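With the first letter of the sequence shown counted as 1, position 206 gets the number 1492 in this note's numbering; the numbers rise by one all the way through. Working notes, beginning with the structure itself.
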Amino acid sequence: MKKVNVGIIGLGTIGSGVYKIIAERRTEIKKAYNLDISITKCCDISEVSRKKLRIPKSMFTKNYRDITNSNDIDVVIELIGGTKIAHTISKEALRNNKHLITANKALLAEHGKKLRELAKRKSKNIGYEASVGGGIPIISSILDSILINKISSFKGIFNGTCNYILSLMSRGIDFKEALKMAQDQGFAEADPTLDINGKDSAHKVAVLSQTCFGINLKLSQIFTQGIQDITSYDLNVANNLGYKIKLLGISKIIKQKIDIRVHPTLVRNNNPLANVENEFNAILLDSKNLGPFMGYGYGAGMLPTATAIISDIIRTTNKELHPPDLKSKAPFRPIKFEEIKSKFYIRIELEDKPGNLGATTTILGKFKINIDEIIQSQSKIKSKSAPVVILTKNTEYIMVDKALKKISQAKLSKNKALVIPIEDFN
1287 MKKVNVGIIG LGTIGSGVYK IIAERRTEIK KAYNLDISIT KCCDISEVSR KKLRIPKSMF
1347 TKNYRDITNS NDIDVVIELI GGTKIAHTIS KEALRNNKHL ITANKALLAE HGKKLRELAK
1407 RKSKNIGYEA SVGGGIPIIS SILDSILINK ISSFKGIFNG TCNYILSLMS RGIDFKEALK
1467 MAQDQGFAEA DPTLDINGKD SAHKVAVLSQ TCFGINLKLS QIFTQGIQDI TSYDLNVANN
1527 LGYKIKLLGI SKIIKQKIDI RVHPTLVRNN NPLANVENEF NAILLDSKNL GPFMGYGYGA
1587 GMLPTATAII SDIIRTTNKE LHPPDLKSKA PFRPIKFEEI KSKFYIRIEL EDKPGNLGAT
1647 TTILGKFKIN IDEIIQSQSK IKSKSAPVVI LTKNTEYIMV DKALKKISQA KLSKNKALVI
1707 PIEDFN
């Protein structure tokens, strides 16, 4: 029987979950995989988790180098979050001939390319299943078949916090209350900024694009927009039109360009992504031979994420995990969001004055934006302004942006307009 000695750095929610599952299921893992996973050392800056998990003092340290420099450890599990110290830990682990497993999407989005190169030089593996889909085995599915099923695009719901909030808002609950409910349920952090502003999803999209296409982009090259400006009104209008609003991460190859972005999107009700509710995540892949394939499940949480990490331990010790060299002969140019051509949902808070709507549509026409439908609020409450929703036909975002700036300059609108792409993919 093969034995693998593991060191865990970071005993937060996920690290504690990994420790608990291995402690409870070690015998079953031995029988199923002929593999004895032994946790040799745990590291954390606090002893709170050590005491709660009853980890012997001899197995605990506050110095991560006791793990990265140890000759007795085969696999280092990095679970501290952030990028600076996590990057140092990851480099030291690989340089000291240890396999690396991480759930750190920010680390991989920023330093993934160099870490993979280092792992290859050292003939070591990096397991990162938990970094993208939590409990969804999307990375392993891709790595197992990437050369046979050439992936052309993916789109998905990568953040359970945002999806949970949007699900509540679709039932008439306002954003602030929905966020508080998400925090009370443990689906949102005390500081949910990275979830709400879309950056958490952007990190995951960057990591998955590295895996699918061999493309390494800076986060600044990925257009990212969060859900902070979405209201229950928008969700209600979308629903009446046969759509759901979802925070989507999209990445697709178009010749030698890559269309990569994160933003709220109107998705038709008959699309499988539209039916992903609450804290669930889903990723829809399109490949040459397999066609569409969707992974669905919990995108976060102690047990799903810990399970993904343990799966990586098993895979890491049995096979190579680094993907084939998918680099293109010519570099892929990221398509700017201004170049995106789509139908758009535009919500404008128009000043309640005669002729304002007509003046607005005239400006849109001057920028060659064809209108599909106009929806006016039927509120009985007297107000100096009212929301107007305009659905456009296929047009370039840059023209929409220019038109909205002109509308604002003409003082027709009260606040900044909300613009959401409409995706009619199947």
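Built from N, CA and C at the ideal position, the CB exists for glycine as well. Values in this document were obtained by computation on a predicted structure and should not be read as measured data.
On a CA-only basis, which of 1434, 1435, 1324 and 1376 is nearest residue 1413? Give me that one, please. Nearest of 1434, 1435, 1324 and 1376 to residue 1413, Cα basis: 1376.
Hey, how far is the Cα of residue 1504 from the Cα of residue 1711? Computed Cα separation, rounded: 27 Å.
How is residue 1287 classed by DSSP in three states: helix, strand or coil? In the structure shown, residue 1287 adopts coil according to DSSP, grouped into three states.
Residue 1485 versus residue 1287: straight-line alpha-carbon distance, rounded: For the pair residue 1485 and residue 1287, the Cα-to-Cα distance works out to about 43 Å.
Going by beta-carbon coordinates alone, are residue 1258 and residue 1636 separated by less than 8 Å? Lying outside 1287 to 1712, the shown extent of the chain, residue 1258 is not represented and no answer is given.
Reference residue 1417, options 1647, 1398, 1407 and 1382, closest by Cα: Ranking 1647, 1398, 1407 and 1382 by Cα distance to residue 1417 puts 1398 first.
Output needed for residue 1435: all residues of its chain with C-beta closer than 7 Å, excluding positions within five of it in sequence on either side, in chain order. Result list for residue 1435: 1573, 1574, 1575 and 1576, in chain order.
I need the straight-line Cα distance from residue 1339 to residue 1447, nearest angstrom please. Residue 1339 and residue 1447: Cα-Cα distance of roughly 27 Å.
Assess contact between the segment 1551-1559 and the segment 1458-1468, defined as three or more Cβ pairs (one per stretch) separated by less than 8 Å. Is contact present? Contact fails: fewer than three Cβ-Cβ distances are below 8 Å.
Starting from residue 1579, trace the beta strand (DSSP E) both ways and give me its first and last residue. Counting along the chain, residue 1579 sits inside the beta strand (DSSP E) bounded by residues 1577-1584.
Under a Cβ-count criterion, where at least 16 other Cβ atoms within 10 Å of its own Cβ denotes burial, should residue 1585 be classed as buried or exposed? Label assigned to residue 1585: buried.
Is it right to say residue 1334 is buried, meaning 16 or more other beta carbons lie within 10 angstroms of its own, or is it exposed? Flag for residue 1334 reads exposed.
Residue range of the unbroken alpha helix (DSSP H) whose run includes residue 1468: Unbroken alpha helix (DSSP H) run through residue 1468: 1461-1470.
As an exercise, report each continuous beta strand (DSSP E) stretch of at least 3 residues that is fully enclosed by the segment 1331-1370, in chain order. Taking only runs of at least 3 residues, the beta strand (DSSP E) segments lying wholly in the segment 1331-1370 are 1361-1364.
Cut-off 8 Å between Cβ atoms - residues of its own chain near residue 1627, not counting five sequence neighbours on either side: Within its own chain, the residues whose Cβ lies closer than 8 Å to the Cβ of residue 1627, once the five positions on either side in sequence are excluded, are 1680, 1681, 1682 and 1683, listed in chain order.
Going by C-alpha distance, which of 1528, 1437 and 1599 is nearest residue 1384? Taking only the C-alpha atoms, the option nearest residue 1384 is 1599.
Ignore the nearest five residues each way along the sequence and tell me which others in residue 1544's own chain have a CB closer than 8 Å to its CB. Correct list, in chain order: 1495, 1499, 1501, 1503, 1537, 1538, 1618, 1619, 1620 and 1621.
Secondary structure at residue 1473, three-state DSSP: helix, strand or coil? In the structure shown, residue 1473 sits in coil (DSSP, three-state: anything other than H, G, I, E or B).
Following the continuous alpha helix (DSSP H) through residue 1693, name the residue where it begins and the one where it ends. Segment 1683-1695, the alpha helix (DSSP H) holding residue 1693.
In or out: residue 1511 buried (at least 16 other Cβ within 10 Å) or exposed? Buried, since its Cβ has 16 or more Cβ neighbours within 10 Å.
The beta strand (DSSP E) spanning residue 1675 covers which residue range? Run containing residue 1675: 1671-1678, per the beta strand (DSSP E) assignment.
Cα-Cα separation, residue 1530 to residue 1558: In a straight line, the C-alpha of residue 1530 is about 11 Å away from that of residue 1558.
Integer Cβ distance of residue 1294 from residue 1301, believed to fall under 8 Å: Right, their Cβ atoms sit about 5 Å apart.
On a Cα-Cα basis, can you pick out the residue from 1321, 1350 and 1289 that is closest to residue 1297? Put simply, of 1321, 1350 and 1289 the residue whose alpha carbon is nearest the alpha carbon of residue 1297 is 1350.
Cβ-heavy atom distance between residue 1512 and the ligand NAP below 7 Å? Absence of the ligand NAP is noted for the structure shown, with no ligands found whatsoever.
Cβ of residue 1365 within 8 Å of Cβ of residue 1380? Against a cut-off of 8 Å, the Cβ pair of residue 1380 and residue 1365 comes out as no contact.
Please state the DSSP three-state secondary structure of residue 1544. If DSSP states are grouped into helix, strand and coil, residue 1544 belongs with the strands.
Note down, in chain order, each residue of its chain lying with its Cβ closer than 8 Å to the Cβ of residue 1265, except the 5 sequence neighbours on either side. Given a span of 1287 to 1712 for the chain in the structure shown, any question on residue 1265 remains unanswerable.
Determine the contact status of residue 1441 and residue 1521, defining contact as a CB-CB distance below 8 Å. Contact: no.
Can you name, in chain order, every residue of its own chain whose Cβ lies under 8 Å from the Cβ of residue 1696, other than the five neighbours on each side? Around residue 1696: 1645 and 1649.
Here's the rule: buried if 16 or more other CB atoms are within 10 angstroms of the residue's CB, otherwise exposed. What is residue 1603? Under this definition residue 1603 is a buried residue.
How long is the line joining the alpha carbons of residue 1658 and residue 1547, rounded to whole angstroms? So the alpha carbons of these two residues sit roughly 25 Å apart.
Threshold first: 3 residues or longer. Then list the beta strand (DSSP E) segments lying entirely within the segment 1375-1458, N to C. Entirely contained in the segment 1375-1458, the beta strand (DSSP E) runs reaching 3 residues are, in chain order, 1385-1388 and 1437-1443.
Would a C-beta distance cut-off of 8 Å place residue 1290 and residue 1323 closer than the cut-off? Cβ distance < 8 Å, so residue 1290 and residue 1323 count as in contact.
Alpha carbon to alpha carbon, what distance is there between residue 1563 and residue 1477? Using only the alpha carbons, I get a separation of about 22 Å.
Along the chain, which unbroken stretches of the alpha helix (DSSP H) at least 4 residues long are found entirely within the segment 1625-1659? Correct list: 1642-1652.
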